Structure formats: structure tokens, C-alpha cells
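Novice: Got a structure for you, written out below as C-alpha cells; questions coming shortly.
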Amino acid sequence: MTIHTQGEAELARSALAAAAGRHFGRVAEIEGLVRQSGGASRQTWSFDALVGGRRHGLILRRDPPVNGKTDREQSVSIDRATEFRVLQAAHCAGVRAPEPLFELEPEDGLGEAYVMRRVDGTAIARKLLRDPPYAAARGLIAGQLGGIAAAIHATDTRTLPPLKRREAADHIAGLRRSLDLLASAQPVFELALTWLDRRKPRPLDNPLLVHGDYRTGNYLADETGVTAILDWELAHLGDPLEDLGWLCVKSWRFGAVDKPAGGFGSREELWDAYERASGRTVERARAHWWEVFGTVHWGVICLNQAWKHLSGSIKSMEHAAIGRRAVETEVDLLQLLKAEH
Numbered sequence: 155m156t157i158h159t160q161g162e163a164e165l166a167r168s169a170l171a172a173a174a175g176r177h178f179g180r181v182a183e184i185e186g187l188v189r190q191s192g193g194a195s196r197q198t199w200s201f202d203a204l205v206g207g208r209r210h211g212l213i214l215r216r217d218p219p220v221n222g223k224t225d226r227e228q229s230v231s232i233d234r235a236t237e238f239r240v241l242q243a244a245h246c247a248g249v250r251a252p253e254p255l256f257e258l259e260p261e262d263g264l265g266e267a268y269v270m271r272r273v274d275g276t277a278i279a280r281k282l283l284r285d286p287p288y289a290a291a292r293g294l295i296a297g298q299l300g301g302i303a304a305a306i307h308a309t310d311t312r313t314l315p316p317l318k319r320r321e322a323a324d325h326i327a328g329l330r331r332s333l334d335l336l337a338s339a340q341p342v343f344e345l346a347l348t349w350l351d352r353r354k355p356r357p358l359d360n361p362l363l364v365h366g367d368y369r370t371g372n373y374l375a376d377e378t379g380v381t382a383i384l385d386w387e388l389a390h391l392g393d394p395l396e397d398l399g400w401l402c403v404k405s406w407r408f409g410a411v412d413k414p415a416g417g418f419g420s421r422e423e424l425w426d427a428y429e430r431a432s433g434r435t436v437e438r439a440r441a442h443w444w445e446v447f448g449t450v451h452w453g454v455i456c457l458n459q460a461w462k463h464l465s466g467s468i469k470s471m472e473h474a475a476i477g478r479r480a481v482e483t484e485v486d487l488l489q490l491l492k493a494e495h
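So, in C-alpha cells, the structure goes:
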């Protein structure tokens, strides 16, 4: 069900009231149901559940209505039931993540969905990087992200639901398939993929939980720093340095280009905090490889967005705006490939 009209919102409130009532064991009243911005591949709704005189701030995570089109990102996304269990395992392991509470049932009529506790903070990079209330937090976030990444990767894989294992070679193959679908020459991305293929790191004997989209914009922070890691739909098993490399992609610095760790600090700050928390040494060359990979990955996503708009398959100014950023990643890649590591 797409929640657009007042009538649909009432049906959604009724479904959430029933689901919350089952979970809390008492009659629940739903207030303040509002869709949050962002989340193109997943819908996020904020609401309050009033149960026995107590107010619970909650978040609904659900799949958008099926429209016959599937993005590359969606094709590797885990389903809501799996995401719920990954979040359970990570939260129980002490990861700074929202507490997952309950799943919705088919008869609730909201599709695949689950509910978690709402966490205070903002995910808006512009605010975190520029607004005065977050001045102190800006000096903490890079180190905090290193420590939190270590906690994610320390999650006992035996507590996780079945997840796909994706190694460097798998990622490269996926990007090559995406480029082939465009049917146009992309020399910078082809050069970068060849560079990656020749230098791909050896797979780990014991792959770890990888968040898969660990970047600025996908976590909440307040005046004290990071409060929760969001958007777990790309979780998989693999190389933990994939998360650290993705965080350092230049596009996720949102203008703070001199601070590679998400716009908040140096790579060394991130790596040192990760090493202290994990007890593992960050191989610099391996981390650089994953940063190059992440830059190619984002560039190919941009190209795909542009193609969808230009081909007419999805007419969208958002797709067009994202698509034009592909040229930025080409410049970033040429600079990264020059770097000596």
C-alpha cells in the first residue's frame, strides 16, 4: 500500500496500531505518522505509539510499492526480514544502531516491514558539517565511526541470518556488468576496473559482517557525535575494509574534501580508532584499494541514474542531477590512481 491520501494514512495507522498492540500486549494508539525524507530504495516512517500512558517513539521501515523496475542497488539488497535479523544481531552485539522491535505480518497490509525505536539525531550532512550546535561533534565523529565500524565487524557471524558473501572479484564483476548495459565507452571507469582487477586483495579466510553502505548520510548524530548507524539493506559478508573505503569516498565528504573520513577527519584518525577498537591492523594498500573501488562503484551508480533519465525509462530530475556527478568521480579516480601507496 502506498501511503498518499488521508484514507491510506488512516489504514496505515490502523495496521500499525494492531501490530504495536501485539508487540506491547496492550491497546496502542498511533500519532504523528510522517514519512521521512530520503530512502529511495526503502521507505522510512516516523510515528509515536501511545501504550498504557507511555509514548514510544518508533520508526517503520518498509519496501516501497513494486513498480516493475529494479535498481542495481535493490538487486543486491536483503529483504526486510533479513535486515531485521541483521539489525537484531548488531544491536545485541553492542553496535550503535536502532533497537529493532517487531516485524509486521502479511495481514497488516503494509508489505514487508518492521518497526524499530526512534533515535535522536540528524543524518543531514550539511547540518553536521556546518551548523554551530555540532561544532564539538565534528572533532569526534571520525574516531567514533572507526570504533563503530569495528563493533559491526566484530558481530558474531553465527548470530546472523544467511547472508551472501561478496568478495572483491564479485564486486568487480558486478560493476563490469553494469557498464556493459550502458553500451557506451567509459574509458576512465574501464581503466579503474582494470587497475582494481590486477590488484584485488586476497579474500579473507573468515569473512565478517559488512554494513555495505557505511557513509555520511547513513548515520544519525547529535551534539555528542554519532547516535545510530542506519540503512542496513546492503549488509553482507566480506572484507571489513570495504566499509572504511566507502566512508572515505570523496563524494561522501559533502564539500569537506580535505577530511577524507566522511568529511570529519583524516584517514589516519579513522584507521587508528578502528585499530584500537578491533585489535586488527588496517593494511593501508588494502584500504586504498577499497576507496578506489568505492569511487568506481559510486560513479557507475551515477552513470546508471543518468541513463535511466536520458533513456526515458525513469524521467526524473533527481536521477539527472545524480547522473551528472559521474564526471566528478572520474576526476576523483584519476587522482586516486596517481596516489602512491
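Counting from 155, one number per residue, gives the positions in the sequence shown under the numbering used here. All C-beta atoms, glycine included, are put in the ideal place defined by N, C-alpha and C. Quick caveat, the model's predicted, so the values are computed rather than measured.
Report the residue ranges of all alpha helix (DSSP H) runs contained in full by the segment 417-447; include only those spanning at least 4 residues, in chain order.
Specialist: DSSP runs (the alpha helix (DSSP H)) wholly in the segment 417-447: 421-432.
Novice: Could you compute how far the alpha carbon of D486 sits from the alpha carbon of G328?
Specialist: Taking the straight line joining both Cα atoms gives about 21 Å.
Novice: What are the start and end residues of the alpha helix (DSSP H) that includes D486?
Specialist: Segment A480 to K492, the alpha helix (DSSP H) holding D486.
Novice: Between the C-alpha atoms of R407 and R369, what's the straight-line distance to the nearest angstrom?
Specialist: Looking at the two C-alpha atoms, the distance is approximately 9 Å.
Novice: By DSSP, does Q190 sit in helix, in strand, or in coil?
Specialist: Reduced to three states, the DSSP call for Q190 is coil.
Novice: Over what stretch of residues does the beta strand (DSSP E) that includes G179 continue unbroken?
Specialist: Premise fails: G179 is in no beta strand (DSSP E) and is neither H nor E.
Novice: Mind checking which residues open and close the alpha helix (DSSP H) that includes I306?
Specialist: Segment I295 to H307, the alpha helix (DSSP H) holding I306.
Novice: Taking its Cβ as the centre, do 16 or more other Cβ atoms sit within 10 Å of Q298, making it buried, or is it exposed?
Specialist: Result: buried.
Novice: By Cβ distance, which residues of its chain are closer than 8 Å to M270, with the 5 residues on each side in sequence left out?
Specialist: Excluding sequence neighbours, M270 sits near L212, I213, R215, L241, P252, E253, P254 and L255.
Novice: Measure the Cβ-Cβ separation of P275 and D385 and say whether it is below 8 Å.
Specialist: A small fix is needed here, since residue 275 is Gly in this sequence, not Pro. It is not a contact, given that the beta carbons lie outside the stated cut-off.
Novice: Are there 16 or more other CB atoms within 10 angstroms of the CB of V411, so buried, or fewer, so exposed?
Specialist: It is exposed - the Cβ of V411 has fewer than 16 other Cβ atoms within 10 Å.
Novice: Terminal residues of the continuous alpha helix (DSSP H) containing R330?
Specialist: Start and end: A322 to L336.
Novice: Here's the rule I'm using: 16 or more other beta-carbon atoms within 10 Å means buried, otherwise exposed. How should V188 be labelled?
Specialist: By the neighbour-count rule (16 or more Cβ atoms within 10 Å), V188 is not buried but exposed.
Novice: Compare the Cα-Cα distances from W199 to each of L170, R176, G206 and R208 and report the closest residue.
Specialist: Closest option to W199, Cα to Cα, is L170.
Novice: Could you tell me which whole beta strand (DSSP E) segments of length 3 or greater appear in the segment 210-293?
Specialist: Runs of the beta strand (DSSP E) inside the segment 210-293: 254-257 and 267-271.
Novice: Could you round the C-beta distance between L488 and V342 to whole angstroms and report it? I think they count as a contact, below 8 Å.
Specialist: 7 Å between Cβ atoms; contact.
Novice: Have a look at R352 and F447 and give me their C-alpha separation to the nearest angstrom.
Specialist: Their Cα atoms are separated by approximately 12 Å.
Novice: Strictly by DSSP, which residues pair up with W199?
Specialist: According to DSSP, which records beta bridges pairwise, W199 is partnered with R189 and L214.
Novice: Do the CB positions of A296 and A431 come within less than 8 Å of each other?
Specialist: Contact: no.
Novice: Looking at C-alpha atoms only, which residue of Q197, L165 and V205 is the closest neighbour of E183?
Specialist: For the residues Q197, L165 and V205, the minimum Cα distance to E183 belongs to V205.
Novice: Considering just the uninterrupted stretch of the beta strand (DSSP E) at D376, what are its terminal residues?
Specialist: Here the beta strand (DSSP E) through D376 covers Y373 to D376.
Novice: By the three-class DSSP mapping on this structure, what secondary structure does V364 have?
Specialist: DSSP places V364 in strand when its eight states are reduced to three.
Novice: Identify whether L401 lies in helix, strand or coil by the three-state DSSP scheme.
Specialist: DSSP places L401 in helix when its eight states are reduced to three.
Novice: How is the alpha helix (DSSP H) around T348 delimited, first residue to last?
Specialist: Unbroken alpha helix (DSSP H) run through T348: P341 to R353.
Novice: Count the other CB atoms within 10 Å of the CB of A439; is the residue buried (16 or more) or exposed (fewer)?
Specialist: A439 comes out exposed.
Novice: Count Cβ pairs between the segment 278-295 and the segment 231-248 that sit closer than 8 Å; are there 3 or more?
Specialist: The segment 278-295 vs the segment 231-248: no contact.
Novice: Just verifying my parser: in three-state terms, what is the DSSP assignment at G379?
Specialist: If DSSP states are grouped into helix, strand and coil, G379 belongs with the strands.
Novice: Check this for me: beta carbons of E387 and I278, under 8 Å apart or not?
Specialist: It is not a contact, given that the beta carbons lie outside the stated cut-off.
Novice: Where does A166 land, buried or exposed, given buried means 16+ other C-beta within 10 angstroms?
Specialist: So A166 ends up on the buried side.
Novice: Among T483, V454, A290 and P394, which residue has its Cα nearest to the Cα of I302?
Specialist: Of the candidates T483, V454, A290 and P394, the one whose C-alpha sits nearest the C-alpha of I302 is P394.
Novice: Between the Cα of R176 and the Cα atoms of N372, E472 and L258, which residue gives the shortest distance?
Specialist: Nearest of N372, E472 and L258 to R176, Cα basis: L258.
Novice: Residues in the same chain with beta-carbon distance under 8 Å from R280, minus the five sequence neighbours each way, listed in chain order, please.
Specialist: Once the five neighbours on either side are set aside, the close Cβ partners of R280 are F408.
Novice: Which of the three DSSP states is assigned to G477 in this structure?
Specialist: G477: helix per DSSP, three-state reduction.
Novice: When burial is assigned at 16 or more other CB atoms within 10 Å of the CB, is R250 buried or exposed?
Specialist: Looking at its Cβ environment, which holds 16 or more other Cβ atoms inside 10 Å, R250 is buried.
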